[in-house]
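Numbering (full-length UniProt numbering), first residue to last: 1 to 319.
All remarks here apply to the structure that follows.
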């Protein structure tokens, strides 16, 4: 296969060059403890979308800072026993899939929850108030103020809250909850499993938000990582705070999170991916300590990886 990045031999050894903060696990354990007393103000409302096989709901909950988070929730109309559930996360600056895109999972006896990322949805309020760069800028938002204010820190916690909500539903078998997504969605699926390690399995494809320093050095990523370029260009042009920047981003670096995952991880990587280059994805994969499996494609994210969605469906229904 053609490779955009390092040789395949080196990719299987590469673990990243972005820093791992010394108190990484302590920081995230502290953040998770904050969730214990959080009043999430959960709401489930019948959705406008209707299906002969699925009950569809608009699901709302409060995030760690009070931001109202939205997710689509679907379950089979005929519930005879507790069912497995799939958590799905969308790509960067995108939105959740249409309701109909996930009916095949419901038809196969699964519940499905699809979260809209705060700051990227177009439906409800966005109370993300951070002093930082505003052009795109979700990665660097909150960076000036420190790790506690990072937007993606809160988004990662949103995924854990959603997982706990779904696990507590009467119709769901809490021991059979899984997560999936591509690009940003792949990163969030991995983050979700790292923060809620009862997640039994993950299928992440070309995950985003990995090894920020590597993507900076390679000068790749296009629009997806443009904010790093613009941050240094306009906020820190002489790189006086470069060490601070990459150390702080280390708290939201997926390669630093994946060692916390307990359930099995499946990943798909395209070796011609110039948005999330292979090396940054391998940095995440190679730091996973639990059972894992990798499939490689001779391609990139666009237009798509052939047969991948079929593989994910087969994975999901056989869990």
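Even for Gly, the Cβ is constructed at its ideal location relative to N, Cα and C.
Please check the pair residue 158 and residue 218, which I expect to be a contact at CB under 8 Å, by giving their CB distance rounded to whole angstroms. Along the chain shown, one-based indexing puts residue 158 at 158. Along the chain shown, one-based indexing puts residue 218 at 218. Actually they do not touch by this definition, with Cβ atoms about 29 Å apart.
Hey, residue 102 and residue 74 are a contact pair by Cβ (cut 8 Å); roughly how many whole angstroms apart? Your numbering for residue 102 matches position 102 in the chain shown. Your numbering for residue 74 matches position 74 in the chain shown. That pair is a contact at about 6 Å.
Taking all protein chains shown into account, do 16 or more other C-beta atoms lie within 10 angstroms of the C-beta of residue 234, making it buried, or fewer, making it exposed? Translated into positions along the chain shown, residue 234 becomes position 234. Under this definition residue 234 is an exposed residue.
Only counting the same chain, and skipping five residues up and downstream in sequence, which positions put a Cβ closer than 6 Å to that of residue 203? The residue given as residue 203 occupies position 203 in the chain shown. If we look at residue 203 and ignore the five residues flanking it on each side, its Cβ neighbours are 180, 266, 312 and 315.
List, from N- to C-terminal side, the beta strand (DSSP E) runs of 3 residues or more that fit wholly inside the region 172 to 205. Under the rule that a run must span 3 or more residues, the beta strand (DSSP E) segments found entirely inside the region 172 to 205 read 172 to 182 and 201 to 205.
Report the CB separation of residue 5 from residue 278 in whole angstroms; it is logged as a contact under 8 Å. Within the chain shown, numbered from 1, the residue matching residue 5 stands at position 5. Within the chain shown, numbered from 1, the residue matching residue 278 stands at position 278. That pair is a contact at about 4 Å.
Looking only at its chain, what residues have a beta carbon closer than 6 Å to the beta carbon of residue 295, apart from the 5 residues adjacent to it on each side? Position 295 of the chain shown holds residue 295. Cβ within range, chain order: 268.
Does any C-beta atom of chain C lie closer than 7 Å to the C-beta of residue 274? Absence of chain C from the displayed structure is noted, only one protein chain being present.
Nearest-angstrom Cα separation, counted from residue 38 out to residue 258: Taking the chain shown and counting its residues from 1, one reaches residue 258 at position 258. Taking the chain shown and counting its residues from 1, one reaches residue 38 at position 38. Taking the straight line joining both Cα atoms gives about 25 Å.
Quick check for students: name the residue ranges of the alpha helix (DSSP H) that lie wholly in the region 15 to 80, counting only runs of 4 or more. 24 to 35
The beta strand (DSSP E) enclosing residue 266, as first and last residue numbers: Residue 266 sits at position 266 when you count from the first residue of the chain shown. Residues 264 to 270.
Residue 147 burial status per 10 Å Cβ neighbour count (16 or more: buried): As a working mapping, residue 147 is identified with position 147 in the chain shown. Counting Cβ neighbours within 10 Å, residue 147 comes out buried, since at least 16 surround it.
Decide if residue 66 is buried, meaning its Cβ has at least 16 other Cβ atoms within 10 Å, or exposed. As a working mapping, residue 66 is identified with position 66 in the chain shown. With fewer than 16 Cβ atoms within 10 Å of its Cβ, residue 66 is classed as exposed.
Nearest-angstrom Cα distance between residue 84 and residue 167? In the chain shown, counting from the first residue as 1, residue 84 sits at position 84. In the chain shown, counting from the first residue as 1, residue 167 sits at position 167. Cα-Cα distance, rounded: 9 Å.
Under 7 Å, do residue 86 and residue 105 count as touching if we go by C-beta distance? For the purposes of this step, residue 86 is taken as residue 86 along the chain shown, with counting starting at 1. For the purposes of this step, residue 105 is taken as residue 105 along the chain shown, with counting starting at 1. Going by C-beta atoms, residue 86 is nearer than 7 Å to residue 105.
Those runs of the alpha helix (DSSP H) which lie wholly inside the region 216 to 249 and span at least 4 residues: 226 to 234 and 242 to 249
Identity of the residue in 305, 307, 317 and 286 nearest residue 15 by Cα: In the chain shown, residue 15 corresponds to position 15, counting from 1. Of the listed residues, the one whose Cα sits closest to residue 15 is 286.
With distances taken from CA atoms, which of 291, 43, 263 and 182 is nearest residue 305? In the chain shown, residue 305 corresponds to position 305, counting from 1. Checked all of 291, 43, 263 and 182; the closest Cα to residue 305 is 182.
Over what stretch of residues does the alpha helix (DSSP H) that includes residue 257 continue unbroken? For the purposes of this step, residue 257 is identified with residue 257 of the chain shown, where counting begins at 1. Counting along the chain, the alpha helix (DSSP H) containing residue 257 begins and ends at 254 to 257.
Same chain, Cβ closer than 8 Å to residue 53, five either side skipped, listed in chain order: Along the chain shown, one-based indexing puts residue 53 at 53. Result list for residue 53: 76, 77, 103, 106 and 107, in chain order.
So, under 8 Å CB-CB, residue 199 and residue 232 are touching, yes? Tell me the CB distance rounded to an integer number of Å. Your numbering for residue 199 matches position 199 in the chain shown. Your numbering for residue 232 matches position 232 in the chain shown. Wrong, their Cβ atoms sit about 35 Å apart, outside the cutoff.
Which residue spans inside the region 140 to 174 form an unbroken alpha helix (DSSP H) run of at least 4? Fully contained in the region 140 to 174 are the following alpha helix (DSSP H) runs of length 4 or more, in chain order: 151 to 167.
Are there 16 or more other CB atoms within 10 angstroms of the CB of residue 196, so buried, or fewer, so exposed? In the chain shown, residue 196 corresponds to position 196, counting from 1. A buried status is given to residue 196, since no fewer than 16 other beta-carbon atoms sit within 10 Å of its beta-carbon.
Since residue 300 and residue 201 are thought to touch, with beta carbons under 8 Å apart, how far apart are those beta carbons, to the nearest angstrom? As a position in the chain shown, residue 300 is number 300, starting the count at 1. As a position in the chain shown, residue 201 is number 201, starting the count at 1. With a Cβ gap of about 25 Å, residue 300 and residue 201 do not count as contacting.
Whole angstroms are fine: how far does the CA of residue 155 sit from the CA of residue 62? Counting from 1 along the chain shown, the entry for residue 62 is found at position 62. Counting from 1 along the chain shown, the entry for residue 155 is found at position 155. One Cα belongs to residue 62, the other to residue 155, and the distance between them is close to 12 Å.
If you run the structure through DSSP and keep just helix, strand and coil, what is residue 82? In the chain shown, residue 82 corresponds to position 82, counting from 1. It is coil, neither helix nor strand.
Secondary structure of residue 128, DSSP reduced to three states: Counting from 1 along the chain shown, the entry for residue 128 is found at position 128. Interpretation of residue 128 is limited by its pLDDT of 49, a score under 50 that renders its predicted location unreliable; no figure is taken from the coordinates.
Simplified DSSP assignment, three categories, for residue 291: Against the chain shown, residue 291 aligns to sequence position 291. Note: residue 291 maps to coil in three-state DSSP.
Proximity to residue 93 [Cα-Cα], best of 260, 139 and 113: If you number the chain shown from 1, residue 93 lands on position 93. The shortest Cα separation from residue 93 among 260, 139 and 113 belongs to 139.
Among the residues of its own chain, which have a CB less than 7 Å from the CB of residue 163, if the five just before and after it don't count? On the chain shown, position 163 is the one that residue 163 refers to. In the same chain as residue 163, and ignoring 5 residues on each side of it, the C-beta atoms closer than 7 Å to its own belong to 87, 177, 192, 196 and 199, in chain order.
Who does residue 305 pair with in a DSSP beta bridge? Here residue 305 is taken as the residue at index 305 of the chain shown, counted from 1. Residue 305 is not bridged by DSSP to any residue.
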